[in-house]
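One structure is given below, encoded as structure tokens.
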Amino acid sequence: MEDRESMYAALFGMDEDQREKEQERLIARKRKRKGIPRKLVLCNEKLSTSDSFHRSPAEYFSNEECFDVNKIGGDFVPCSLTVCSGEDIISKITSFVESCSCNCYIASATGCVARASILECGTASAHEGSYEIVSLTGHVSMPLNLGRSNGYGILITLASKNDSVFGGYVSGPLIAKTNVQVRT
1 MEDRESMYAA
11 LFGMDEDQRE
21 KEQERLIARK
31 RKRKGIPRKL
41 VLCNEKLSTS
51 DSFHRSPAEY
61 FSNEECFDVN
71 KIGGDFVPCS
81 LTVCSGEDII
91 SKITSFVESC
101 SCNCYIASAT
111 GCVARASILE
121 CGTASAHEGS
131 YEIVSLTGHV
141 SMPLNLGRSN
151 GYGILITLAS
161 KNDSVFGGYV
171 SGPLIAKTNV
181 QVRT
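According to the working numbering, the sequence shown holds residues 1 to 184 in order.
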């Protein structure tokens, strides 16, 4: 409260010298550190970095308190799919998921698309031409017992030759213009 009153007095009710002194006092007060400085505690143990490079991941998580490697991403296998020009990227990914009966997360893709069906703002739109893939991410779920796919949610961002960028959810076929590499 005092600071606020003195600040207002410094700005509105004082002459030039008093204003400068009051401002210096306020600035000095802001610079003053409060509290007790913390002490740096160093560990006296010698750490060997060479031991950590020779251990397997299971040895890091061997204690019961730690996480089980097989439960946390243990069955994750990164893959790279190559889709040839003229093929549908989505059907290639779904056939891969059905063949290995697993779920798939699409991390990225590189290449060009000739035709794309995209859901933008609730309306489906078809784009034809040469579009560079900026981003392709999403998931494809493994098939149900009936043989149908449980579904997919794939987001795509494309760039045209005139540097305009657009994107949305993939709602239909995504035909490759060049060879497209999809990383899952």
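Backbone N, C-alpha and C fix where the C-beta goes; we use that ideal spot for every residue, glycine too.
Mark residue i as exposed unless 16 or more other C-beta atoms lie within 10 angstroms of its C-beta, in which case mark it buried.
{"i": "Y105", "result": "exposed"}
{"i": "G129", "result": "exposed"}
{"i": "T192", "result": "Since the first residue of the chain shown is 1 and the last is 184, residue 192 is not available in this structure."}
{"i": "G153", "result": "exposed"}
{"i": "V140", "result": "buried"}
{"i": "V170", "result": "buried"}
{"i": "V83", "result": "buried"}
Which residues in the same chain have their Cβ closer than 7 angstroms to the Cβ of residue i, if we skip the five residues on either side of it in sequence?
{"i": "T123", "result": "none"}
{"i": "T157", "result": "V134, S135, V165, G167"}
{"i": "T178", "result": "S85, G111, C112"}
{"i": "K92", "result": "L81, V83"}
Apart from the five residues just before and just after residue i, which ones in its own chain have a Cβ nearer than 6 angstroms to its Cβ?
{"i": "G168", "result": "I118, L119, E120"}
{"i": "R183", "result": "S80, A107, S108"}
{"i": "A126", "result": "S117"}
{"i": "N44", "result": "Any reading at N44 must be qualified, since the residue scores a pLDDT of 48, below 50, and its modelled position is unreliable; the value itself is stated next. Answer for N44: no residue qualifies."}
{"i": "S160", "result": "Y131"}
In the DSSP assignment, what residue or residues form a beta bridge with residue i?
{"i": "Q181", "result": "T82, T110"}
{"i": "L119", "result": "A124, Y169"}
{"i": "L158", "result": "I133, F166"}
Return the first residue and the last residue of the alpha helix (DSSP H) that residue i is part of.
{"i": "F96", "result": "89-100"}
For the beta strand (DSSP E) containing residue i, name the first residue and the last one.
{"i": "G129", "result": "123-140"}
{"i": "F166", "result": "165-176"}
{"i": "G151", "result": "G151 -> no beta strand (DSSP E), and no H or E assigned at all."}
So is the beta-carbon of residue i under 7 angstroms away from any non-hydrogen atom of the ligand COA?
{"i": "L158", "result": "The ligand COA is absent from the structure shown, which contains no ligands of any kind."}
Take residue i and list the residues in its own chain whose beta-carbon comes closer than 8 angstroms to its own, dropping the five residues that flank it on each side.
{"i": "T110", "result": "I133, V180, Q181"}
{"i": "E87", "result": "I175, A176"}
Would you identify the three-state DSSP class for residue i, choosing helix, strand or coil?
{"i": "S62", "result": "Low per-residue confidence applies at S62: pLDDT is 49, beneath 50, and the placement is therefore not dependable, though the value from the model is reported in the following sentence. Residue state, collapsed to three classes: coil."}
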